[in-house]
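Have a look at the structure below before the remarks.
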Amino acid sequence: MKKFQFTFSTLLKLKSVAEAQAQKDLQDIKAKVRSEEKILYAMYESVENSYQLGLQYKLEGTEVSP
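Position 18, counted from 1, in the sequence shown is what this note's numbering calls 19; the numbers after and before it change by one each time, with no gaps.
In structure tokens:
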């Protein structure tokens, strides 16, 4: 079995590559969270609008258009 010997500079390079990958992964996660927040906010607005239309219908007793 072959043994690996790493120099200090090689270890530093590996660490910096791992850190760069971690930063990229973090940015990807943050972008996905922002996207999901936008979707959830749009869903919330839709529910809120539906509730308002339903309340208006209940109060006025007539058909309302969105």
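Every residue gets a Cβ at the ideal spot worked out from N, C-alpha and C, and that includes glycine.
- F5 carries a coil assignment under DSSP once its states are collapsed to helix, strand and coil.
- In the displayed model, T11 falls within a helix according to three-state DSSP.
- In the displayed model, G62 falls within coil according to three-state DSSP, outside both helix and strand.
- Just so you know, the alpha carbons of L12 and E38 end up roughly 39 Å apart.
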